[in-house]
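*Asks:*
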Amino acid sequence: MDNIDKMTNSSKKVRTRFAPSPTGGLHLGGVRTVLFNYLFTRQHNGEFILRIEDTDRTRFVEGAEQYIYDTLAWCGLNPDESPATGGPYGPYRQSERKAIYGQYAEQLVKDGHAYYAFDTPEELEAMRNDYKTEANPSPRYDSTLRDKMRNSLTISEQETKDLIAGGTPYVIRIKAPENETLRFTDLIRGEVEFNSSETDDKVLLKADGMPTYHLAVVVDDHLMQITHSFRGEEWLPSSPVHILLWKYLFGLENMVTWAHLPLIMKPDGNGKLSKRDGDRLGFPVFAMNWTDPRTGDFTKGYRELGFLPEAFVNMLAVLGWNDGTEQEVFSMEELLEKFSVERIHKKGAKFNYEKALWFNKEWIKKSSADKLLPHVQYYLHNAGIDTTGNNDTLLSIIDQVKDRCTLLTDFVEQTGFFFKAPTTLDLDAILKKWNEQKNSFFVELIRSYELTQDFTPENLENSFKELAAASQLKPGELMLPLRIMLVGGKFGPHVFDIASTIGAKQTVSRIKFALGQLEANNGN
RNA sequence: GGAGCGUUGGUCAAGGGGUUAAGACACCUCCCUUUCACGGAGGAAUCACGGGUUCGAUUCCCGUACGCUCUACCA
């Protein structure tokens, strides 16, 4: 932490921001960026801001902004300032700040750092085509080409004025200087250096008057007093443009401190993880369910799949970070205590869904029945099993089965039979070795259990074994049948615990039901 | 093509000039348990390659290779 303070303007109050564009569900990587922002900010007693980057009206998606709030709330990563909560630096939606950006763009033109460009999309495409060579497959609008294009650098001042007055669409482009060394210190990568000749004349202000990301991010970060900027590594190549903008507009000494996070990669092959990969490989990439209002496409999220937010956050935290010890399971409190930017990796990590499941399993094991209760009730209710008024029983059942659950949805199978007698039994598991002797044993068992006073697991097991010995049967070969009778299948906690929990009446009735089924099947 | 960033087992990774190169997930074997889990014991990796520096490099330096990102009036 000391290091970072030395590298940055430690005198200012730490302010960070997450700036998503509302174009769809929130990606894993986005949530991780929020997490790192949040942890860093809280550690420095700073303020964490949510800013909506909706400058591209063509990509705006209804509901996406609300989805972002909901996701952050689910993860426990609520911002201090946002379009929803407001704050002293609003508005926090870039579309509502449109008027602000134009002034800065004009300022840059006036200072000779930017210019008007009138090239149509067709002309731009023609340029890219005409100048494309094998050595340069993607020509850029830069110092070598800008004097061949239609802009205020190549036409007269009067002509420029006339075009603008006449309503000709135009953009404002930055005029990247030649051969200037642009460098900054990245919190994660250290010194990073670029030559300004490598950066092209990026569009700053679009024809519709909206800023591009490049202009908006610099202007807003400055206006909102942001001190640290965490963003994905994909932004690294455009950082020289941002440095230039800071230099021209607000002074390099006031520039935010950057931290470029490593990317989260596809589990197979290479490349960054996309929603498509999740669909293809069968795991979610979004935090919560998302339905695209335009296409109706539905995407499953971690929350609805049965993940605990603690597990989701934990899994994200250690994707690209660790504390240097063997610890892997971290609570939010522990993360707040142990997280450090210095220990964020540089290398992108392939996403591993198996490991994500493991984290959820660990968190379920670690969570108290109390904490799990509402989740379990929710899923049982959805499965049509009513447990109202049975909280004490459910609590004890949760403790019995939680070691067997990977997802919260697993509780339905693992606890459902406690409340609802199985209707279909895995008879195949017992039929092969079924005989009259065993049948008699269970008939005796029913009698015994009907008379048992204290229906405790110990008592039930004892009388079960005594009866088995009397029938000259091994308890082992009777245990599985009893389980199938009570549970329906080969799963669940210790069989006498189950019997004890569901009580004498249910136990006896389930055995009777199973005996009937066995008889019916054996006859065939 | 260019620029930037990166490279320890199948994956996530600790470590860092001299080590038996941690640990986790997955996998395999076994124990526990006459269900399934949980738990426990064990198995399997010479750190991309080539030079250099050094008594000694996986660790430092330089190259090479490979991978990724960017190269839009998208963010």
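Be aware that the first sequence starts at 1, since it is given in UniProt numbering, and climbs by one per residue. No residue lacks a Cβ here, since even glycine has one placed at the ideal position from N, Cα and C.
P20: buried (16+ other C-beta within 10 angstroms of its C-beta) or exposed?
*Replies:* P20 comes out buried.
*Asks:* If you drop the 5 nearest sequence neighbours on each side, which residues of the same chain put their C-beta closer than 8 Å to that of H113?
*Replies:* Here the set comprises I174, K175, L244, Y248.
*Asks:* Please identify the residue among G90, G269, D162 whose C-alpha is closest to the C-alpha of A349.
*Replies:* The option with the nearest alpha carbon to A349 is G269.
*Asks:* From the DSSP output, read off the bridge partner residues of L50.
*Replies:* BP columns for L50 point to F18.
*Asks:* Quick one: Cα of A64 to Cα of N289, how far?
*Replies:* Each residue's Cα considered, the two are about 12 Å apart.
*Asks:* Taking only the alpha-carbon atoms, compute the straight-line gap between R17 and G384 and give it to the nearest angstrom.
*Replies:* In a straight line, the C-alpha of R17 is about 43 Å away from that of G384.
*Asks:* Expressed to the nearest angstrom, what Euclidean distance is found between the alpha-carbon atoms of K512 and T388?
*Replies:* Near 27 Å, if we compare the C-alpha coordinates of T388 and K512.
*Asks:* On the DSSP bridge assignment, give the partners of P211 in chain order.
*Replies:* DSSP, once it has assigned bridges, lists L205 as partnering P211.
*Asks:* So, L182 versus S197, is the Cβ gap smaller than 8 Å?
*Replies:* In this structure, S197 does not lie closer than 8 Å to L182 by Cβ.
*Asks:* In the DSSP output, which residue or residues are listed as bridge partners for D119?
*Replies:* Beta-bridge pairing links D119 to no other residue.
*Asks:* Starting from H228 and walking both ways along the beta strand (DSSP E), at which residues does that stretch end?
*Replies:* Segment 228-232, the beta strand (DSSP E) holding H228.
*Asks:* Using the beta-carbon count (16 or more within 10 Å), is T185 buried or exposed?
*Replies:* Classification of T185: exposed, given that the 10 Å Cβ count is below 16.
*Asks:* By the DSSP assignment, the alpha helix (DSSP H) with T33 in it spans what residues?
*Replies:* Taken as a continuous stretch (DSSP letters only), the alpha helix (DSSP H) holding T33 covers 28-43.
*Asks:* Beta-carbon within less than 8 Å of P121's beta-carbon, same chain only, minus the 5 sequence neighbours each way: which residues are those?
*Replies:* Around P121: no qualifying Cβ.
*Asks:* Hey, would you say I188 sits closer than 8 Å to K346, going by beta carbons?
*Replies:* Yes; because the gap between Cβ atoms is below 8 Å, this pair is in contact.
*Asks:* Considering only C-alpha positions, which residue in the set S463, G25, P481, T144 is nearest to G445?
*Replies:* The amino acid occupying residue 445 in the given sequence is Leu; Gly does not appear at that position. Out of S463, G25, P481, T144, S463 has the C-alpha closest to the C-alpha of L445.
*Asks:* Indicate the three-state DSSP secondary structure (helix, strand or coil) for L407 in the structure shown.
*Replies:* Coil, per DSSP.
*Asks:* Under 8 Å, with one C-beta from each stretch per pair, do the region 336-343 and the region 22-41 reach the 3-pair mark?
*Replies:* Yes, the region 336-343 is in contact with the region 22-41.
*Asks:* Skipping 5 residues on each side, what residues in its chain have a beta carbon closer than 6 Å to that of K438?
*Replies:* Same-chain partners within the cutoff: there are none.
*Asks:* In or out: E157 buried (at least 16 other Cβ within 10 Å) or exposed?
*Replies:* Classification of E157: exposed, given that the 10 Å Cβ count is below 16.
*Asks:* Does the distance from the CB of W258 to the CB of S238 come in under 8 Å?
*Replies:* No, they are not a contact pair.
*Asks:* Quick one: Cα of M224 to Cα of Q66, how far?
*Replies:* One C-alpha to the other measures close to 22 Å.
*Asks:* Consult DSSP for S448 and reduce its assignment to one of helix, strand or coil.
*Replies:* Three-state result, S448: helix.
*Asks:* So for R483, helix, strand or coil by DSSP?
*Replies:* It is helical.
*Asks:* Could you check where the alpha helix (DSSP H) with T133 kicks off and where it finishes?
*Replies:* Segment: none, T133 is in no alpha helix (DSSP H) and carries neither H nor E.
*Asks:* Which residues does DSSP list as the beta-bridge partners of E193?
*Replies:* Answer is R183, bridged to E193.
*Asks:* Quick check on N360: buried or exposed, where buried means 16 or more other Cβ atoms within 10 Å of its Cβ?
*Replies:* N360 comes out buried.
*Asks:* DSSP three-state label for R150, please.
*Replies:* Here R150 sits in coil by DSSP.
*Asks:* Report the CB separation of G320 from P262 in whole angstroms; it is logged as a contact under 8 Å.
*Replies:* 5 Å between Cβ atoms; contact.
*Asks:* Leaving out five residues before and five after Y379 in sequence, what residues of the same chain have Cβ atoms less than 7 Å from its Cβ?
*Replies:* So the qualifying residues of the chain are L408, T409, F411, V412.
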